[in-house]
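Chemist: First the structure, which I've put down as structure tokens, then a few questions once you've had a look.
Residue numbers (the numbering used here), protein chains in the order written: chain A, 5 to 280; chain B, 5 to 280.
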């Protein structure tokens with residue numbers, strides 16, 4: 005991994021890194037915060053939303069103060085492969101910046117858009133090899149990245165002790181963002197979409213015995229709430245499956261990083277308790 | 005004032021505002037954070053550095069968590085007038101985004117570049133009129149804005165109870181950024197520059213009996229430290245004048261907002277203690 009730049013922050017070190025990904029076949033970028041001390045430290049992975057790079061969370065979430073206090077490594081990857089020779093779409097919600105944390109099977113996306121395998125098979129071993137991690141992990145994210153955090157945790161529960169989300173796309177098989185992206189990346193056979201739908205996974209019991217609680221924060225002034233995010237589908241799925249899930253509707257909060265900055269401390273504490 | 009957008013954050017409200025400035029003769033933009041509750045609240049003004057708008061501090065400093073706890077209104081104005089018909093320079097360190105918190109007397113800058121009067125005569129009454137302020141104020145800033153905070157506080161001590169700075173341009177009469185800007189805005193007669201030089205003001209006793217302490221944080225890995233910032237000139241001036249000034253050299257920290265985010269809580273606490 006190449007260190008693009010680094011900064012001291014809250015007594016720890018923040019690195020912007022770049023590496024060639026064997027999974028996506030492209031360069032990939034990410035940020036890694038390491039807290040003060042020698043470690044080893046648990047790892048928390050953040051997945052960002054549509055249009056984001058690794059930079060949005062890193063500069064705007066204000067997460068590193070609490071991560072330093074709790075002794076957590078925090079990793080934020082980019083949201084898709086990028087660059088020349090990588091397929092793209094003029095819309096903001098498909099292609100570069102919109103990887104949706106799935107492995108695409110359809111043209112033109114299949115060669116590079118493999119974000120599920122990238123995070124699970126390449127990013128985690130890469131971080132565990134390069135930084136003093138304990139081997140215990142949590143994952144969280146926002147919007148498309150909240151969907152990513154929930155579905156990666158539910159499909160790979162052996163990798164994560166804890167999962168939470170801010171304003172996740174709760175059921176991408178039942179909203180315009182998800183139907184567009186899953187249709188493009190996975191094709192029109194909807195049976196192949198189900199394992200990328202957090203609500204359907206929870207309803208099928210994927211979280212049972214794995215996660216004692218799933219924390220979801222959602223602003224009630226979020227303009228995407230009714231059409232795209234639909235967190236009530238997570239609550240209904242959890243109730244049907246007998247799974248604990250805590251949805252906190254936050255009055256007045258919107259879809260911006262100001263919302264995440266307001267509650268990121270609580271999410272980090274939630275994860276730290278489960279990573280001890 | 006027109007509300008451009010607003011966000012809930014840390015229990016308070018953040019507004020991006022726009023108004024027509026009678027002082028600069030242009031539209032001016034700013035952000036205003038109001039903490040939870042009815043107030044009245046003391047006001048803290050943040051002044052940003054070269055190339056910044058009101059957005060850099062607002063999104064990156066992570067200041068509103070502590071400001072909410074302390075019950076402080078935090079205002080961040082843009083760093084210069086902007087727009088068509090406003091003079092500019094292709095360099096990043098002159099013209100739009102580089103107002104230096106002075107009232108320009110020279111062409112082509114004099115008609116609009118009046119950032120000292122804007123902050124002191126227009127912004128403060130505007131905020132006091134529109135928000136529930138106590139009428140007590142502090143001011144702080146970064147780099148060019150650290151220079152601005154120090155010089156505005158020292159030239160208008162009746163307006164501010166407290167002042168601090170991150171990596172300020174400590175003596176603009178003795179560094180390339182300052183010599184270029186003051187020469188352009190105020191002309192070649194250096195005697196007119198002295199009242200915009202914090203080190204010279206402190207040495208002349210401008211802080212005596214007004215500010216019990218002046219807090220300055222400076223990263224020792226800041227690439228601008230030796231040539232542009234020179235905080236030792238503040239320390240020497242304070243010693244010569246018998247003025248208390250606390251310079252904290254922060255090991256490993258650079259000139260970025262990650263540095264400011266790491267210490268902004270301490271600055272807000274410093275101001276809140278003096279605003280009670």
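Every residue, glycine too, gets a C-beta built ideally from N, C-alpha and C.
Remember, it's a predicted structure, so these values are computed and weren't measured experimentally.
1) Mind listing the chain A neighbours of residue 18 of chain B? Cutoff is C-beta to C-beta under 9 Å, in chain order.
2) Candidates A:88, A:117 and A:38: which alpha carbon is nearest residue 26 of chain A's?
3) Quick one, are the C-beta atoms of residue 39 of chain A and residue 16 of chain A less than 8 Å apart?
4) Using a C-beta to C-beta distance shorter than 7 Å, which residues of chain B count as neighbours of residue 13 of chain A?
5) Whole angstroms are fine: how far does the CA of residue 41 of chain A sit from the CA of residue 101 of chain B?
6) Restricting to Cα atoms, I'd like to know which of B:95, B:114 and B:64 is closest to residue 191 of chain B.
7) Is it true that the segment 103–112 of chain A meets the segment 182–199 of chain A, where meeting means three or more beta-carbon pairs spaced less than 8 Å apart?
8) Short of 8 Å Cβ to Cβ, which residues in the segment 203–237 of chain B face chain A?
9) For residue 73 of chain A, report the span of its alpha helix (DSSP H) as first-last.
10) For a test of the three-state rule: what should DSSP assign to residue 98 of chain A, helix, strand or coil?
11) Can you tell me where the beta strand (DSSP E) holding residue 38 of chain B begins and where it ends?
12) How far does the alpha helix (DSSP H) with residue 268 of chain B in it extend, from its first residue to its last?
13) Within 8 Å (strictly less), CB to CB, does residue 252 of chain B reach chain A?
14) If the cut-off is 8 Å on Cβ atoms, which residues from the segment 56–76 of chain A count as contacting chain B, listed in chain order?
15) Are any of the Cβ atoms in chain A nearer than 8 Å to that of residue 82 of chain B?
16) So, using beta-carbon positions, are residue 262 of chain A and residue 13 of chain B closer together than 8 Å?
17) Strictly below 9 Å CB to CB, what residues from chain A border residue 43 of chain B?
18) With distances taken Cα to Cα, identify the nearest neighbour of residue 163 of chain A among A:154, A:93, A:29 and A:235.
19) Extract the residue ranges of the beta strand (DSSP E) inside the segment 188–251 of chain A, only unbroken runs of 3 or more that lie entirely within it.
20) Under the three-state reduction of DSSP, which class applies to residue 257 of chain B: helix, strand or coil?
21) Is residue 86 of chain B near the ligand MN, in the sense that its beta carbon is under 7 Å from a heavy atom of that ligand?
22) Where do the ends of the alpha helix (DSSP H) carrying residue 173 of chain B lie?
23) Between residue 122 of chain B and chain A, is any beta-carbon pair separated by less than 8 Å?
24) What does the alpha-carbon distance come out to for the pair residue 144 of chain B and residue 270 of chain B?
25) Counting only Cβ pairs nearer than 7 Å, list the residues of chain A close to residue 256 of chain B.
26) Look at the alpha carbon of residue 232 of chain B and the alpha carbon of residue 122 of chain B, and state the distance between them as a whole number of angstroms.
27) For residue 120 of chain B, is the classification buried or exposed, using 16 other Cβ atoms within 10 angstroms of its Cβ as the cut-off for buried?
28) Hey, how far is the Cα of residue 215 of chain A from the Cα of residue 176 of chain A?
29) Judging by CA-CA distance, which residue of A:33, A:5 and A:75 is the nearest neighbour of residue 83 of chain A?
30) Report buried or exposed for residue 212 of chain B, applying the criterion of at least 16 other Cβ atoms within 10 angstroms of its Cβ.
31) Evaluate residue 96 of chain B with the Cβ neighbour count: other Cβ atoms within 10 Å of its Cβ, from every protein chain shown; 16 or more gives buried, anything less gives exposed.
32) Between the segment 131–143 of chain A and the segment 236–244 of chain A, can you find at least three pairs of beta-carbon atoms closer than 8 Å?
33) Indicate whether residue 169 of chain B and residue 226 of chain B have their beta-carbon atoms separated by less than 8 Å.
34) Measure the C-alpha to C-alpha separation of residue 54 of chain B and residue 251 of chain A and round it to an integer number of angstroms.
Modeler: With the given structure in hand:
1) Counting from one through the second chain, the residue named residue 18 of chain B turns up at place 14. Here the neighbours are 262.
2) What you label residue 26 of chain A is simply residue 22 of the first chain in a count that begins at 1. Ranking A:88, A:117 and A:38 by Cα distance to residue 26 of chain A puts A:117 first.
3) Taking the first chain and counting its residues from 1, one reaches residue 39 of chain A at position 35. Taking the first chain and counting its residues from 1, one reaches residue 16 of chain A at position 12. Result yes, Cβ atoms of residue 39 of chain A and residue 16 of chain A sit closer than 8 Å.
4) Reading the first chain from its first residue, position 9 is the one you call residue 13 of chain A. What residue 13 of chain A touches in chain B: 262, 265 and 266.
5) To locate residue 101 of chain B, count along the second chain from 1; it is residue 97. To locate residue 41 of chain A, count along the first chain from 1; it is residue 37. Rounded to the nearest angstrom, the two C-alpha atoms are 39 Å apart.
6) Taking the second chain and counting its residues from 1, one reaches residue 191 of chain B at position 187. It is B:114 whose Cα lies nearest to the Cα of residue 191 of chain B.
7) yes
8) 223 and 225
9) For the purposes of this step, residue 73 of chain A is taken as the residue at position 69 of the first chain. 68–74 is the extent of the alpha helix (DSSP H) around residue 73 of chain A.
10) Numbered from 1 along the first chain, position 94 holds the residue referred to as residue 98 of chain A. Three-state DSSP puts residue 98 of chain A in coil, outside helix and strand.
11) As a first step, residue 38 of chain B must be located in the second chain, where it is residue number 34. First-last of the beta strand (DSSP E) with residue 38 of chain B: 31–38.
12) Taking the first residue of the second chain as 1, we reach residue 268 of chain B at position 264. Residue 268 of chain B -> alpha helix (DSSP H) spans 261–279.
13) The residue you call residue 252 of chain B lines up with position 248 of the second chain. Not closer than 8 Å to any Cβ of chain A, the Cβ of residue 252 of chain B fails to qualify, so no.
14) 63, 64, 66, 68 and 69
15) Translated into the one-based positions of the second chain, residue 82 of chain B becomes position 78. It does not: the Cβ of residue 82 of chain B has no partner Cβ on chain A nearer than 8 Å.
16) For the purposes of this step, residue 262 of chain A is taken as the residue at position 258 of the first chain. For the purposes of this step, residue 13 of chain B is taken as the residue at position 9 of the second chain. Going by C-beta atoms, residue 262 of chain A is nearer than 8 Å to residue 13 of chain B.
17) Counting from 1 along the second chain, the entry for residue 43 of chain B is found at position 39. Under the 9 Å cutoff, chain A gives no residues; its nearest Cβ is about 18 Å from residue 43 of chain B.
18) Counted from its first residue, the first chain places residue 163 of chain A at position 159. Per the Cα distances, A:154.
19) 219–223
20) Within the second chain, numbered from 1, the residue matching residue 257 of chain B stands at position 253. Residue 257 of chain B falls in the coil class under three-state DSSP.
21) Summarising the ligand content, the structure contains no ligands, and the ligand MN is consequently not present.
22) What you label residue 173 of chain B is simply residue 169 of the second chain in a count that begins at 1. That residue, residue 173 of chain B, is in no alpha helix (DSSP H); it is neither H nor E in DSSP.
23) If you number the second chain from 1, residue 122 of chain B lands on position 118. No, residue 122 of chain B does not count as interfacial toward chain A.
24) As a working mapping, residue 144 of chain B is identified with position 140 in the second chain. As a working mapping, residue 270 of chain B is identified with position 266 in the second chain. Each residue's alpha carbon lies about 12 Å from the other.
25) If you number the second chain from 1, residue 256 of chain B lands on position 252. Those are 12, listed as they occur along chain A.
26) Counted from its first residue, the second chain places residue 232 of chain B at position 228. Counted from its first residue, the second chain places residue 122 of chain B at position 118. Cα to Cα, the separation comes out at about 25 Å.
27) Within the second chain, numbered from 1, the residue matching residue 120 of chain B stands at position 116. That one is buried.
28) Translated into positions along the first chain, residue 215 of chain A becomes position 211. Translated into positions along the first chain, residue 176 of chain A becomes position 172. Between residue 215 of chain A and residue 176 of chain A, the C-alpha separation is close to 21 Å.
29) Position 79 of the first chain, counted from the start, is the residue given in the question as residue 83 of chain A. Residue A:33 is the option with its Cα nearest to residue 83 of chain A.
30) Stepping through the second chain from its first residue, residue 212 of chain B is reached at position 208. Residue 212 of chain B should be labelled exposed.
31) As a working note, residue 96 of chain B is residue 92 in the second chain. Residue 96 of chain B should be labelled exposed.
32) no
33) As a first step, residue 169 of chain B must be located in the second chain, where it is residue number 165. As a first step, residue 226 of chain B must be located in the second chain, where it is residue number 222. Going by C-beta atoms, residue 169 of chain B is not nearer than 8 Å to residue 226 of chain B.
34) Residue numbering aside, residue 54 of chain B sits at position 50 when the second chain is read from its first letter. Residue numbering aside, residue 251 of chain A sits at position 247 when the first chain is read from its first letter. When rounded, the distance between both Cα atoms is 42 Å.
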